[in-house]
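Right, one structure below, let's go through it.
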Amino acid sequence: MNRLEQVLKLIEQNPDDIFLRYAYALEIKSNGDIMGGIAALKLITTQSPDYLPTYYQLGTWLAEIGNNDEALEYLQSGKKVALTQINNKTASEIQSLIDELAD
204 MNRLEQVLKL IEQNPDDIFL RYAYALEIKS NGDIMGGIAA LKLITTQSPD
254 YLPTYYQLGT WLAEIGNNDE ALEYLQSGKK VALTQINNKT ASEIQSLIDE
304 LAD
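To convert, take the position in the sequence shown, counting from 1, and add 203; that gives my numbering.
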């Protein structure tokens, strides 16, 4: 059983576990399906908008496929979540990526 199959099996057992859904998106991308990974991350942002790791990763992947405008939108949303959670380190990391993409 490969890692993607393992994650899917765990999701079946724990369908509300947001970390497993995030891991699923990472595995999809690592298997070469960036669009599938992006779709999985976008779903997380709608179902669990406070799950902070999603935003940086999603912004990175959208930029990777050349969709900087959409990447910036998600990164701005992620920065707001980080600031709301008083997570200044992550807010700073997201801002650095925003600055890089805005150039």
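Beta carbons: idealized from backbone N, C-alpha and C, even for Gly. Predicted model, so just to flag it, every value in this text is computed and none were measured.
Looking at the unbroken alpha helix (DSSP H) that takes in Ile241, where does it start and where does it end? Its alpha helix (DSSP H) spans residues Ile237 to Gln250.
Could you give the DSSP three-state label for Asp302: helix, strand or coil? Here Asp302 sits in helix by DSSP.
Three-state secondary structure (DSSP) of Gln216: Of the three classes helix, strand and coil, the one that applies to Gln216 here is helix, per DSSP.
Which same chain residues end up closer than 7 Å to Gln260 when comparing Cβ atoms and leaving out the 5 residues on each side of it in sequence? When the five nearest sequence neighbours on each side are left out, the beta carbons in the same chain lying within less than 7 Å of the beta carbon of Gln260 are those of Leu244, in order along the chain.
Member of Ile214, Asp302 and Ile289 whose CA lies at the smallest distance from the CA of Glu276: By alpha-carbon distance to Glu276, the top candidate from Ile214, Asp302 and Ile289 is Asp302.
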